[in-house]
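Residue numbers for the sequence shown, in the UniProt record's numbering: 1 to 900. Ideal Cβ placement from N, Cα and C applies to all residues, glycine included. One structure below.
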Amino acid sequence: MRETRPNPQEILKEINKNEKDSKRGKLKIFFGYAAGVGKTYAMLEAAHSAIAMGLDVVVGYIEPHTRPETLALLEGLELLPNLEVAYRGLVLREFNLDLALSRKPDLIIVDELAHTNVKGLRHEKRYSDIEELLDAGIDVYTTLNVQHIESLNDVVASITNIVVKERIPDRIFKNAFQIELIDVDPSVLIERLNSGKIYVKNQAKKALKNFFIRENLVALRELALRETANSVNKEVMINKNENFYHTNEHILVCLSSSPSNSKVIRTAARMAEAFHGKFTALFVETTSSRELKEGNIERLREHVKLAKDLGAKIETVYGDDVAYQVSEFSKISSVSKVIIGRTKKKRHLWSRFGIVDRLIELAPELDVYIIPDEEENVEDINKICLNKEKITIKDSLKTLGILIITIIISLFFENLGFSEANIIIVFILGVLIIAKETYVRIYGVISSLFSVLLFNFFFTEPKFTFNAYDSSYIFTFFIMLVSALITSTLTNKVKVQANKSAITAYRTNILLESSSELGRCSDLEEIILKSQEQVSRLVKKPVVVYKAKNSQIENIYNYKFKDGSELSDKYINLDEQGVVLWVINNRKYAGKGTETLPGAKAMYIPVLGQEDIGIVIGIILEEGEELEEGEKSLLIAMINQVSFVIDNYILEEAKKQALMQAENEKFKANLLRAVSHDLRTPLTSISGSASLLLNNNFDEETKRKLTLDIYDDSIWLINLVENLLSVSRIDNGNINLNREAQLVEEIILEALQHVNRNACDYNIEIDLKDELLMVNADVRLIIQVIINIVDNAIKYTEKGSNIKISAFSKGDNVIIEIADNGVGISKEDKEHIFDMFFTSKKNISDSRRGLGLGLALCKSIINVHEGEIYVRDNKPRGTIIGFSLQRFEVNNNETSNFSY
């Protein structure tokens, strides 16, 4: 026996699902086969039991009952007020979802899971209300009859001859935490009906003649028992971890607009459930698909929605050969079973095989299941809807013009002695051009007929009549007509296919382009704007993007048209923003084209990522507009791209923050270590000098020397603190430049007044190429830069060394350089000399090592001034540190305003 090993990815997927489900509320369904079996009664009894266990229980909605036994069970239960909604002159009672969410009990009772809400409420169906309650972490008790399960709709209809309108997707039933079957014998149910415990007398009589026939009830009871048994069996398998994962079976159902296609879809869904296999619904879009009547288009949309509700993945392929497209898709996607409908439509005379026969021939390895169509007069889904084609003046004039040109050319060829066969070719060429240049197929058909008539009129004897002497012309006319029609049809098909190929290529290109474009975005704002642009290009509709934070809309990115205008308030108002907030809070689609808040002006899609991104993309859809399935698939793929890029951006930002945090911690540690180490020397010196002065046993010269030492060390400490404060202010962006025009000479002279007192032991020279050289800068900060660089030169050179300060103009800048003839700086040290806390390992002349802040502060100050600072060797010996500042132009008339 072959061992079946579980797929690790499936295990991981199930673990993630379990984590999500642990935060979700639990759904318990009281399940029956018909009204009156006692579902509501059992549910209310269970509610009382839950209260006895200490749970907070409220009744959200109970269908009005006249049965005293059921009404009596409502006593002692908290009842939420119903929502009263005016509809077509009536006031209807509905479940108040918002009140239930704000109340947030442990358990809520909501009757009739399959109920359809009144138009205008948030959700079209009550099961969507219940899903929102479950997402909010609230447990729900509800009731359901077997005939309301979507996949059983056809089976129930075949039993009762009644098509149930209110249905729920199978996933709601399958995902329920618990199914409790409420069962009574059909004879007991009929007795209850006769005694008026279910319906009033007139309704009861009608029900007994239609739905409540014993044979119907027995069959429905069997269905309910089977569904309950399947649910229990699945739970047992999950608990035993047996046959839990999908098998290799892959069920494919073909979508169409045929009325019987819903039956085919439901059959396929039941088969996929029975085999525990994958389920895919495939739509083959042919040339004639876009020419379906409005009723067929609407029916096709319903079938797509039905397949989605039943858990199918929707796929779309393009091509006129349906059987070939299905077989190729099946091979690529490893499909094992194909479910297809067979209609009573007769095969064409020239068609050797029907779709089913060709599919079997093309893919003999597939299991093909054919579901016969039992309905009469089923309309061919490929039937052309000619009345939908609009005849335009432009195309009519084109057709007329091309026919006239064809006649002129043909007459010219006739005068040249060309044969009739060549003239016929000219007319067929004219038909081909007409089919290519016009947008409606009818022009090709009309031009084919007129070509035969015109050829007969102008080029056969007797000319200028519609008669023909030669009887063989009848055959010529027939061949000419058939050739023209075939040419027209093929040209139209090629044109349509080329158009589809262009659309497909366009969409694929946008998708690929989006991947690279989004990857190049540097921040979240740019990602959002690029996403808005790309989504709009894909669907060719206006797109609005909302960004929210803490359940509040933070920013709205309105759509800009080519003329610079934006969408009006009609599309961006408080109602639309309310829909957006619901999408953000529930992480689900909503708006036009969905079952939630369908009255909105746009379809709103959340950008879901690992984090709560809070971004919603709104696609504006006008009345009656709806996105194609192909567009939806690509749209979802693009939004997933956006989500991936935003997740990466958030992750990178988190890494940067973590790195910055680590750097800050390192900065603090280095600062504390450096301060504690480097402050010890001057503080010890100050303390020692002060202690000696207290003894008062020294002469005046010694006292003066000790006092100067205290003063020097104090100045060193003050400069150190000033540097620390300046670095902090600049790095935090808390510094405002007080730019003013000032002579460079005055700045240098002022700086030399505050340098190290040991400067007198050095030969300091000032070299100015232009005495009127001026800069536009914050003078106080530039003085600090010069002081720090000169002090650095003094610190790392021997006494008696030369220090030269030079300034000159270079383009729009002023360059100031401080050069010394010391030992110089190594190549390795040059790379880090402007880094925070960097100090050279060389011995320094004043025996006091600094914190390594002086040159780092210089770099920060020069960067704030949008200048550059650099270091280079001084030939033949020493170092030059220079920086650039913005030069200030001075007119000769203004020089008198400056004093020296």
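{"Item": "Reduced DSSP category for Thr-839 - H, G, I as helix; E, B as strand; rest coil", "Value": "coil"}
{"Item": "Contacts around Lys-263, its chain only, beta-carbon distance under 7 Å, and the 5 residues preceding and following it disregarded", "Value": "Asp-154 and Ile-371"}
{"Item": "Which residues DSSP lists as bridging residue 901, in chain order", "Value": "One cannot answer for residue 901 here, as it falls past the ends of the chain, which runs 1 to 900."}
{"Item": "Span separating the alpha-carbon of Thr-316 from that of Met-480", "Value": "38 Å"}
{"Item": "Buried or exposed by the 16-neighbour rule on C-beta atoms within 10 Å, applied to Glu-765", "Value": "exposed"}
{"Item": "Alpha helix (DSSP H) segments (min. 4 residues) lying fully within the region 424–498", "Value": "441–459"}
{"Item": "Cβ neighbour criterion (16 or more within 10 Å) applied to Arg-680", "Value": "exposed"}
{"Item": "With 16 other Cβ atoms within 10 Å as the buried cut-off, status of Thr-707", "Value": "exposed"}
{"Item": "Inter-residue Cα distance where the pair is Lys-278 and Leu-300", "Value": "22 Å"}
{"Item": "Cα-Cα separation, Asn-792 to Gly-854", "Value": "8 Å"}
{"Item": "Proximity to Ala-229 [Cα-Cα], best of Pro-876, Leu-181, Thr-392 and Gly-811", "Value": "Leu-181"}
{"Item": "Beta-carbon contacts of Ile-650 that lie in its chain and below 7 Å, excluding the five residues immediately before and after", "Value": "Glu-611"}
{"Item": "Asp-812 to Asp-699 span [Cα, whole Å]", "Value": "58 Å"}
{"Item": "Helix, strand or coil at residue 906 according to DSSP, with G and I counted as helix", "Value": "One cannot answer for residue 906 here, as it falls past the ends of the chain, which runs 1 to 900."}
{"Item": "Which of helix, strand or coil DSSP assigns to Cys-254", "Value": "strand"}
{"Item": "Under the three-state DSSP convention, the category Lys-119 falls into", "Value": "coil"}
{"Item": "Asn-382 in three-state terms, based on DSSP", "Value": "Confidence in Asn-382 is poor, its pLDDT being 44 and thus under 50, which makes the residue's placement unreliable; the coordinate value appears in the next sentence. Reduced to three states, the DSSP call for Asn-382 is coil."}
{"Item": "Nearest neighbour of Ser-258, chosen from Pro-105, Ser-336, Phe-283 and Arg-270 [CA to CA]", "Value": "Phe-283"}
{"Item": "Local conformation of Ile-355 per DSSP, three classes", "Value": "helix"}
{"Item": "7 Å Cβ cutoff met for Thr-491 and Ala-435", "Value": "yes"}
{"Item": "Same chain, Cβ closer than 8 Å to Leu-428, five either side skipped, listed in chain order", "Value": "This sequence places Ile at residue 428; Leu is not what is there. Answer for Ile-428: Ser-451, Met-480, Ser-483, Ala-484 and Thr-487, listed in chain order."}
{"Item": "4 or more residues per run - each alpha helix (DSSP H) lying fully within the region 524–594", "Value": "524–539 and 574–586"}
{"Item": "CB contact flag (Ile-304, Glu-576, <7 Å)", "Value": "Note on residue identity: the sequence assigns Val, not Ile, to residue 304. Cβ atoms of Val-304 and Glu-576: not closer than 7 Å."}
{"Item": "For residue 902, the first and last residue of its enclosing alpha helix (DSSP H)", "Value": "This structure cannot settle anything about residue 902, because the visible part of the chain is limited to 1 through 900."}
{"Item": "Cα-Cα separation, Ile-433 to Pro-542", "Value": "36 Å"}
{"Item": "Within-7 Å CB hit, Lys-119 to chain B", "Value": "Protein chains in the displayed structure number just one, and chain B is not present."}
{"Item": "Residues sharing a beta bridge with Pro-81, DSSP", "Value": "According to DSSP, Pro-81 bridges with nothing at all."}
{"Item": "Rounded C-alpha distance that separates Ile-265 from Ala-468", "Value": "57 Å"}
{"Item": "Cα-Cα separation between Leu-683 and Val-721, rounded to whole angstroms", "Value": "14 Å"}
{"Item": "Nearest-angstrom Cα separation, counted from Ile-442 out to Asp-367", "Value": "41 Å"}
{"Item": "Beta-carbon proximity check, Ile-818 vs Ile-805, cutoff 7 Å", "Value": "yes"}
{"Item": "CB of Gly-137 within 7 Å of CB of Gly-60, strictly", "Value": "no"}
{"Item": "Cut-off 6 Å between Cβ atoms - residues of its own chain near Val-184, not counting five sequence neighbours on either side", "Value": "Val-37"}
{"Item": "Option nearest Val-156 by Cα separation, candidates Glu-215, Asn-863, Ala-600 and Asp-523", "Value": "Glu-215"}
{"Item": "7 Å CB neighbourhood of Arg-833 in its chain, flanking five on each side removed", "Value": "Reading off the sequence, residue 833 comes out as Ile, not Arg. Result list for Ile-833: Ile-825, Leu-855 and Val-871, in chain order."}
{"Item": "Contact test: Thr-465 Cβ vs the ligand HEM heavy atom, cutoff 6 Å", "Value": "By its list of ligands, the structure shown contains no ligand whatsoever, and the ligand HEM lies outside what it can speak to."}
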